[in-house]
Amino acid sequence: MAREPIPRAAHPRARRFLVPALTGLVLGLAAAEARAHGIPPRLATVMTEVGERFASLGGAIAARDDDLARYQVRQIAEILERDMVLATPPRPLYGMDLEPLRTGFRDGPWRALQNAVDNHDLGAAVTTFEGAAAACNECHRTTGVPFLTVPGLPAAPKASGKTRKPATKTSAQPAPSAPATTKSKVESTPAR
Ligand code: HEC
25 MAREPIPRAA HPRARRFLVP ALTGLVLGLA AAEARAHGIP PRLATVMTEV
75 GERFASLGGA IAARDDDLAR YQVRQIAEIL ERDMVLATPP RPLYGMDLEP
125 LRTGFRDGPW RALQNAVDNH DLGAAVTTFE GAAAACNECH RTTGVPFLTV
175 PGLPAAPKAS GKTRKPATKT SAQPAPSAPA TTKSKVESTP AR
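Under our numbering, the residue at position 131 of the sequence shown is numbered 155, and the numbers go up by one with no gaps.
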């Protein structure tokens with residue numbers, strides 16, 4: 025009695041893995057497609073996450089929790105870099121270009137805070153956190169939501185003596201904790 029050749033026996037087995045694998049691949053591609061071309065997140069949704077993480081970051085800085093602070097800095101940096109770009113702004117802001125505001129925040133007050141935390145300089149993190157919070161609020165004023173106020177550090181931590189004022193001072197630097205209403209105090213001199 026001749027033995028049946030067995031190579032075909034591999035097929036059902038291969039199919040058992042191949043079919044789900046291909047199905048998964050197709051579904052995965054479809055999901056990626058949907059993400060790429062589907063409904064982008066609303067800016068308010070993205071902002072809610074920023075707000076929660078920023079508050080957590082403040083708590084971590086106040087508690088001198090270096091690991092948590094660095095974790096939240098990384099999370100917020102990714103949101104600033106990716107999610108915020110994709111997000112749909114609210115209808116009143118449809119005609120407004122938010123890009124300069126986003127990059128200005130990212131490259132200014134945010135970068136200062138990120139550097140302080142990344143360098144494990146929690147003293148500088150205290151100062152720059154307040155600056156970043158003020159800058160969050162500055163953007164909220166600019167974009168017509170001035171009532172959305174981002175608080176500074178939860179509790180004034182004991183002065184460590186290592187706290188330093190940031191060395192860089194740009195004209196766009198917001199005044200921490202100041203209401204920042206009248207910035208320009210132009211005194212016109214009569215041309216006489
Ligand atoms: C590019 C300008 C801009 C920057 C920078 C910015 N925001 Fe916002 N934020 C907005 C706008 C615009 C809204 C309102 C969105 C809407 O009306 O749908 C908002 C809304 C919010 C909300 C309310 C979300 C809700 O609907 O519950 C929170 C919280 C918030 N921002 C936190 C922050 C924090 C914290 C920072 C700084 C780390 C920050 N934002 C920086 C523009 C900005």
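Ideal Cβ positions, reconstructed from N, Cα and C, are used throughout, including at glycine.
Residue i beta carbon near the ligand HEC (any heavy atom closer than 6 angstroms)
| i | result |
| --- | --- |
| ALA68 | yes |
| PHE153 | no |
| PRO114 | yes |
| PHE78 | yes |
| PHE129 | yes |
| VAL174 | yes |
| GLY75 | yes |
Selection from the options that minimises the alpha carbon distance to residue i
| i | options | result |
| --- | --- | --- |
| ARG135 | GLU123, GLY176, VAL97 | VAL97 |
| VAL70 | THR127, ASP131, GLN99 | GLN99 |
| VAL141 | ARG88, LEU172, PRO175 | ARG88 |
Residue i vs residue j beta-carbon contact at 7 angstroms
| i | j | result |
| --- | --- | --- |
| PRO133 | GLY168 | no |
| ARG77 | LEU104 | no |
| HIS144 | ASP91 | no |
| LEU172 | PHE153 | no |
| GLY176 | ALA149 | no |
Outcome for residue i when other beta-carbon atoms lying within 10 angstroms are tallied against a minimum of 16
| i | result |
| --- | --- |
| MET120 | exposed |
| GLU102 | exposed |
| GLY62 | exposed |
| THR72 | exposed |
Same chain, Cβ closer than 8 angstroms to residue i, five either side skipped, listed in chain order
| i | result |
| --- | --- |
| PRO65 | ASP107, LEU110, ALA111, THR112 |
Cβ shell of residue i (< 7 angstroms), same chain only, five flanking positions each side left out
| i | result |
| --- | --- |
| CYS163 | LEU125, PHE129 |
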